[in-house]
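Visitor: Protein sequence lines correspond, in order, to chains P and V.
In terms of the numbering used here, the first sequence is numbered consecutively and its last residue is 354.
In terms of the numbering used here, the second sequence is numbered consecutively and its last residue is 416.
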Amino acid sequence: MRFLLRRLLFGLPTLLGITLLTFALSRLAPGGPLSDLLDPEQGRAVTKEQLAATEKLLGFDRPLHEQYGAWLSSALRFDFGRSLTSDRRPVAEKIAAAAAVSLELQGAAVVLLYGLGIPLGVFAAARAGTRRERCLAALLFVLQAMPTVVIGALLLILFARGPFAWLPLAGLETPGAEPAAPLARALDHARHLVLPVACLVLSGISGIALYARAGVLEALRQPWIRAARARGLPEWRVRYVHALKSGILPLVALLGGLLPWLVGGSVAVETLFSLPGLGRLTIDSIAARDYPTVMALTLLVAAATWLGFLLADLLHAALRRGEVDA
Amino acid sequence: MSGRRWSRGAWAARLLVWVAALTPWLCSEQPLLELADGRLSSPASRAVAETDGASALVWLALVAADALLALRARVLRRAVVVALALLAGLVLFERASLPLPTAARFALAAPIAHSPDRADWELLSRPETALPAGPSARHWLGTDSAGRDLLARLLHALRASLEIGLAAAAIALLVGLAVGLACGTLRGAVDFVLMRVIETLLCFPYLFLVLVVFTFLPRGRGTLIGLLGLVGWTAIARLVRGEFLRLADAEFVLAARALGATRWQVAWRHLLPNALTPVWPATTFAVAGALLAEFSLSWLGCGVPEPAASLGALLADGQRQLARGEIWLTLVPSVAMVAIVLAFHAWGERLRESTTPEAAARAARGELR
Numbered sequence: 029m030r031f032l033l034r035r036l037l038f039g040l041p042t043l044l045g046i047t048l049l050t051f052a053l054s055r056l057a058p059g060g061p062l063s064d065l066l067d068p069e070q071g072r073a074v075t076k077e078q079l080a081a082t083e084k085l086l087g088f089d090r091p092l093h094e095q096y097g098a099w100l101s102s103a104l105r106f107d108f109g110r111s112l113t114s115d116r117r118p119v120a121e122k123i124a125a126a127a128a129v130s131l132e133l134q135g136a137a138v139v140l141l142y143g144l145g146i147p148l149g150v151f152a153a154a155r156a157g158t159r160r161e162r163c164l165a166a167l168l169f170v171l172q173a174m175p176t177v178v179i180g181a182l183l184l185i186l187f188a189r190g191p192f193a194w195l196p197l198a199g200l201e202t203p204g205a206e207p208a209a210p211l212a213r214a215l216d217h218a219r220h221l222v223l224p225v226a227c228l229v230l231s232g233i234s235g236i237a238l239y240a241r242a243g244v245l246e247a248l249r250q251p252w253i254r255a256a257r258a259r260g261l262p263e264w265r266v267r268y269v270h271a272l273k274s275g276i277l278p279l280v281a282l283l284g285g286l287l288p289w290l291v292g293g294s295v296a297v298e299t300l301f302s303l304p305g306l307g308r309l310t311i312d313s314i315a316a317r318d319y320p321t322v323m324a325l326t327l328l329v330a331a332a333t334w335l336g337f338l339l340a341d342l343l344h345a346a347l348r349r350g351e352v353d354a
Numbered sequence: 048m049s050g051r052r053w054s055r056g057a058w059a060a061r062l063l064v065w066v067a068a069l070t071p072w073l074c075s076e077q078p079l080l081e082l083a084d085g086r087l088s089s090p091a092s093r094a095v096a097e098t099d100g101a102s103a104l105v106w107l108a109l110v111a112a113d114a115l116l117a118l119r120a121r122v123l124r125r126a127v128v129v130a131l132a133l134l135a136g137l138v139l140f141e142r143a144s145l146p147l148p149t150a151a152r153f154a155l156a157a158p159i160a161h162s163p164d165r166a167d168w169e170l171l172s173r174p175e176t177a178l179p180a181g182p183s184a185r186h187w188l189g190t191d192s193a194g195r196d197l198l199a200r201l202l203h204a205l206r207a208s209l210e211i212g213l214a215a216a217a218i219a220l221l222v223g224l225a226v227g228l229a230c231g232t233l234r235g236a237v238d239f240v241l242m243r244v245i246e247t248l249l250c251f252p253y254l255f256l257v258l259v260v261f262t263f264l265p266r267g268r269g270t271l272i273g274l275l276g277l278v279g280w281t282a283i284a285r286l287v288r289g290e291f292l293r294l295a296d297a298e299f300v301l302a303a304r305a306l307g308a309t310r311w312q313v314a315w316r317h318l319l320p321n322a323l324t325p326v327w328p329a330t331t332f333a334v335a336g337a338l339l340a341e342f343s344l345s346w347l348g349c350g351v352p353e354p355a356a357s358l359g360a361l362l363a364d365g366q367r368q369l370a371r372g373e374i375w376l377t378l379v380p381s382v383a384m385v386a387i388v389l390a391f392h393a394w395g396e397r398l399r400e401s402t403t404p405e406a407a408a409r410a411a412r413g414e415l416r
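Shown next as structure tokens:
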């Protein structure tokens, strides 16, 4: 309980720092956030008066601390204002629409990542030193060095033609398809998700498998594993229950990164496969200098990371306590 | 570091650095040496001096330092350093030319005699040429869709990427060491505030932060290096601080304090050298991290602006040809990028392995891996 309070107390300045940095980021542009409008090279020259009027309208003429206070108090109520792009939609609405796409994608990837990564790690640890395991380790090592973009590009090469050409390469549904039965549409949707999810899984799996391998390898060396084997427990139980239980502790720290991964979306994958998710929204908003959206997205991802770290620390502490008591 | 054998990853990484340092002379449209009108000059070096002399000098100094540290034979060491100094001299005195009393004409071309950002007009003027051209004796890796030599672009992109990666990692190392030193020595309020700053920075995904800031600041190599460095120091600072806290009660520290060393003397002379052990692998991973970030940014079109070649931009270029069934232009930059990151990862992995207690025990038993 004291740990919990301490951790929360220490976390509060960090949360404040997150909001401050988010706000500062959006005011970085030299000459103010709207200086872009004055740039005649982009064919968008406005007069000084128009600029002043716009600044007044958007509240950019007030002192910085007032702006920060106003932004923070409305952000706390999840009101991020309207986007600066021509459609002027509320930012929250835009984010919600994109989040639906990203959550589905990342959620499927997370399930597969942990569902495949942990058994792979346990397998590697149990067979440490054999030729098969060394091949697997080398493969994971190469995968770890591959940027997501490269994995995606290679997948596109593989599936662009040849015997695998039956998977769609972009978007979420077949364009121009007639409104078919719900089942057929769901199937079409799922087929569109195969490549992006595979890309995410391939780019993340080596980290998880290598972590699980290290943890389980360490655990398998302990005397109580020999004791468990001596008691006649089946080998799979020794590996997947006894060894994994203690070997999973380092993986808990990784869980902290899971939450921002879920809500942040993936810029690379969404760009590669033209999906309208949060990563894509980030890039587009930055390119359009849509400050309210960029600030909301930055705050969302950073706050999710903060929360993820907090939860991971608490979980870690809870698991450690259980270990000490036992 | 002395006495430890260089691992394969380290050799690969160093080879890449050497290639990057010598790229302007490895591939250049201009001849390396030219004898005309009774004067001997080096047009390739002049081109370097005119475009990017300062960074070329830093590169040459870097590989010269590497040669001094790594080469055992004194003759070899001197030869390499003299050769590099000669190149640096050619860059520094860009108009340098030697008057020779002869009417002979002679030119020594670079091994890859193509410019990275100019199309090969001789190839384009041939009627049978289809772009992008495949590998040939003239263009070893073929050309891109604009008729520019792919190998020359690749090498210049490698140089640009490594320049950003190494410089950013150097900044991250310096800032990380300074902050870790301050936290571990001063403790108290300084430690508390700096640790909260680190935690705040860690809450922003690396790439995300760089992306947001970089679009709001003037684009350029310097900005990118500074940004990647200022985002990447947190891991190193935490490592150094942890080592300081761990070693604070070690016997050699107590001994130094008993002999009357001040707090900063203990930190600088005794703690810091010992705290560096886990920092070296972290630094190689920082280089890889900066390389990956730069790659993703330039792939998104948010990196160093054209016409400078970068690996990410090369890949994005190649992917535009994918729809036409051209996979070569996608494959080449992908493989190059993976090889570079792999080299630095392998180096870091071996460094990390060699500093674990297990490795120390193996070394004590006289075993080699």
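Just so you know, even glycine gets a beta-carbon here, dropped at the ideal spot from N, CA and C.
Between the stretch 311-331 of chain V and the stretch 266-273 of chain V, do at least 3 Cβ pairs fall closer than 8 Å?
Guide: No, the stretch 311-331 of chain V does not touch the stretch 266-273 of chain V.
Visitor: Is there at least one Cβ from chain P nearer than 8 Å to V/Val259's Cβ?
Guide: Counting from 1 along the second sequence, the entry for residue 259 of chain V is found at position 212. Judged by the 8 Å Cβ criterion, V/Val259 is in contact with chain P.
Visitor: Quick one: residues in its chain with C-beta nearer than 6 Å to the C-beta of P/Ala136, no 5 flanking neighbours on either side, listed in chain order?
Guide: Here residue 136 of chain P is taken as the residue at index 108 of the first sequence, counted from 1. Around P/Ala136: Val225.
Visitor: DSSP three-state label for V/Leu376, please.
Guide: The residue given as residue 376 of chain V occupies position 329 in the second sequence. Three-state result, V/Leu376: helix.
Visitor: Please give the ranges of any alpha helix (DSSP H) in the stretch 171-237 of chain P, keeping only runs that are unbroken, at least 4 residues long and fully inside the region.
Guide: Qualifying alpha helix (DSSP H) stretches, in chain order: 176-188.
Visitor: Comparing the C-beta of P/Val280 with each C-beta of chain V, is any distance below 8 Å?
Guide: As a first step, residue 280 of chain P must be located in the first sequence, where it is residue number 252. No, its Cβ sits nowhere closer than 8 Å to a Cβ of chain V.
Visitor: Does V/Cys230 have its Cβ less than 8 Å from a Cβ in chain P?
Guide: Working through the second sequence from its first residue, we reach residue 230 of chain V at position 183. It does not: the Cβ of V/Cys230 has no partner Cβ on chain P nearer than 8 Å.
Visitor: Is it the case that the stretch 339-349 of chain P contacts the stretch 100-107 of chain V, given that we only count it when at least three CB pairs across the two stretches are under 8 Å?
Guide: With the cut-off at 8 Å, the stretch 100-107 of chain V and the stretch 339-349 of chain P do not touch.
Visitor: Determine whether the beta carbon atoms of V/Phe342 and V/Ser162 lie at a separation below 8 Å.
Guide: Numbered from its first residue, the second sequence carries residue 342 of chain V at position 295. Numbered from its first residue, the second sequence carries residue 162 of chain V at position 115. Their beta carbons are not under 8 Å apart, which means V/Phe342 does not touch V/Ser162 by this criterion.
Visitor: Would the beta-carbon of V/Ala177 be found less than 7 Å away from any heavy atom of the ligand ATP?
Guide: Annotation note on the ligand ATP: not contained in the displayed structure, which lists no ligands.
Visitor: Give a yes or no on contact between the stretch 209-217 of chain P and the stretch 257-266 of chain P, applying the rule of three or more CB pairs nearer than 8 Å.
Guide: No, because fewer than three Cβ pairs between the stretch 209-217 of chain P and the stretch 257-266 of chain P fall closer than 8 Å, the two stretches do not touch.
Visitor: At 9 Å on the CB atoms, spell out the chain V contacts of P/Gly45, in chain order.
Guide: Here residue 45 of chain P is taken as the residue at index 17 of the first sequence, counted from 1. Arg243, Val244, Glu246, Thr247, Leu248 and Cys250, listed in chain order.
Visitor: So, do the stretch 181-192 of chain V and the stretch 228-242 of chain V have three or more beta carbon pairs nearer to each other than 8 Å?
Guide: No contact exists between the stretch 181-192 of chain V and the stretch 228-242 of chain V.
Visitor: If contact means a Cβ-Cβ distance below 7 Å, which residues of the stretch 171-186 of chain P contact chain V?
Guide: Residues Gln172, Ala173, Met174, Pro175, Val177, Val178, Ala181, Leu182, Leu184 and Ile185.
Visitor: Who are the near neighbours of V/Leu415 in its chain, counting only those whose CB is closer than 6 Å to its CB and skipping five residues on each side?
Guide: The count along the second sequence starts at 1 and reaches residue 415 of chain V at position 368. Reliability of the predicted coordinates at V/Leu415 is poor, the pLDDT of 42 falling under 50, and the value obtained from them is presented with this limitation in mind. So no residue of the chain qualifies.
Visitor: Tell me the DSSP secondary structure of V/Thr262 in three-state form.
Guide: One-based indexing of the second sequence puts residue 262 of chain V at position 215. In the structure shown, V/Thr262 sits in a helix (DSSP, three-state: H, G or I).
Visitor: Let me know if P/Gly163 comes out buried or exposed under the rule of 16 or more other beta-carbons within 10 Å of its beta-carbon.
Guide: Here residue 163 of chain P corresponds to residue number 135 of the first sequence, with the count starting at 1. Per the sequence shown, the amino acid found at residue 163 of chain P is Cys instead of Gly. Under this definition P/Cys163 is an exposed residue.
Visitor: My guess is that P/Leu277 and P/Leu347 are in contact by the Cβ rule of under 8 Å, so how many angstroms apart are they, rounded?
Guide: To locate residue 277 of chain P, count along the first sequence from 1; it is residue 249. To locate residue 347 of chain P, count along the first sequence from 1; it is residue 319. Confirmed, about 6 Å.
Visitor: Run down chain P in chain order and give the residues with a C-beta less than 7 Å from the C-beta of V/Ser381.
Guide: The residue given as residue 381 of chain V occupies position 334 in the second sequence. Going along chain P in sequence order, the residues near V/Ser381 (Cβ under 7 Å) are Val178, Ala181 and Leu182.
Visitor: Under 8 Å, CB to CB, which of the residues in the stretch 322-336 of chain P have a partner in chain V?
Guide: Against chain V - using a Cβ distance shorter than 8 Å - the residues of the stretch 322-336 of chain P are Val322, Thr326, Val329, Ala330, Ala331, Thr333 and Trp334.
Visitor: Whole-angstrom Cβ separation of V/Ala340 and V/Val257, contact assumed at under 8 Å?
Guide: For this step, residue 340 of chain V is matched to residue 293 along the second sequence. For this step, residue 257 of chain V is matched to residue 210 along the second sequence. The pair is a contact, with the Cβ atoms about 6 Å apart (cut-off 8 Å).
Visitor: Name the chain P residues that come within less than 9 Å of V/Ser343, Cβ to Cβ?
Guide: Here residue 343 of chain V refers to the residue found at position 296 of the second sequence. Going along chain P in sequence order, the residues near V/Ser343 (Cβ under 9 Å) are Pro175, Thr176, Val177, Val295 and Ala296.
Visitor: Is the stretch 146-153 of chain P touching the stretch 231-238 of chain P, taking contact as three or more C-beta pairs under 8 Å?
Guide: As far as the Cβ criterion goes, the stretch 146-153 of chain P touches the stretch 231-238 of chain P, which means the pair count is three or higher.
Visitor: Mark V/Asp84 as exposed unless 16 or more other C-beta atoms lie within 10 angstroms of its C-beta, in which case mark it buried.
Guide: Numbered from 1 along the second sequence, position 37 holds the residue referred to as residue 84 of chain V. Exposed, by the Cβ-count rule.
Visitor: Could you name each continuous alpha helix (DSSP H) segment of 4 residues or more that falls completely within the stretch 170-256 of chain V, going from the start of the chain to the end?
Guide: With a minimum length of 4 residues, the continuous alpha helix (DSSP H) runs that stay inside the stretch 170-256 of chain V are 197-233 and 235-249.
Visitor: List the DSSP bridge partners of P/Leu261.
Guide: One-based indexing of the first sequence puts residue 261 of chain P at position 233. The partner list for P/Leu261 (beta bridge, DSSP) is empty, contrary to what the question assumes.
Visitor: Do the CB positions of V/Ala329 and V/Ala282 come within less than 8 Å of each other?
Guide: Numbered from its first residue, the second sequence carries residue 329 of chain V at position 282. Numbered from its first residue, the second sequence carries residue 282 of chain V at position 235. Yes, the pair counts as a contact, with Cβ atoms nearer than the cut-off.
Visitor: Given that a residue counts as buried once 16 or more other Cβ atoms are within 10 Å of its Cβ, and exposed if not, what is V/Gly395?
Guide: Stepping through the second sequence from its first residue, residue 395 of chain V is reached at position 348. V/Gly395 comes out buried.
Visitor: Please name the residue or residues paired with V/Phe153 in a DSSP beta bridge.
Guide: Translated into the one-based positions of the second sequence, residue 153 of chain V becomes position 106. Note: V/Phe153 sits in a beta bridge opposite V/Leu82.
Visitor: Between V/Asp167 and the rest of its own chain, which residues show a CB-CB distance below 6 Å, the 5 nearest in sequence each way excluded?
Guide: Position 120 of the second sequence, counted from the start, is the residue given in the question as residue 167 of chain V. Taken in chain order, the residues that qualify are Gly194.
Visitor: Rounded to whole angstroms, what is the Cα-Cα separation between V/Ser357 and V/Gly350?
Guide: Counting from 1 along the second sequence, the entry for residue 357 of chain V is found at position 310. Counting from 1 along the second sequence, the entry for residue 350 of chain V is found at position 303. Their backbone Cα atoms lie some 8 Å apart in a straight line.
Visitor: What does the alpha-carbon distance come out to for the pair V/Ala355 and V/Ala215?
Guide: Numbered from its first residue, the second sequence carries residue 355 of chain V at position 308. Numbered from its first residue, the second sequence carries residue 215 of chain V at position 168. About 18 Å.
Visitor: On a Cα-Cα basis, can you pick out the residue from V/Val388, V/Ala117, V/Val379 and V/Leu79 that is closest to V/Leu133?
Guide: Counting from 1 along the second sequence, the entry for residue 133 of chain V is found at position 86. When each option's Cα is compared against that of V/Leu133, the closest is V/Leu79.
Visitor: In chain P, what lies closer than 7 Å to V/Ile374 by C-beta?
Guide: Indexing the second sequence from 1 puts residue 374 of chain V at position 327. Neighbours of V/Ile374 on chain P, chain order: Ile185.
Visitor: From the beta carbon of P/Thr42, is the nearest beta carbon of chain V less than 8 Å away?
Guide: As a first step, residue 42 of chain P must be located in the first sequence, where it is residue number 14. For P/Thr42, the answer is yes, since a Cβ of chain V falls inside 8 Å of its Cβ.
Visitor: Against chain A, does P/Ile314 count as a neighbour if the rule is that its beta carbon must be under 8 Å from one of theirs?
Guide: Among the protein chains of the structure shown, namely P and V, there is no chain A.
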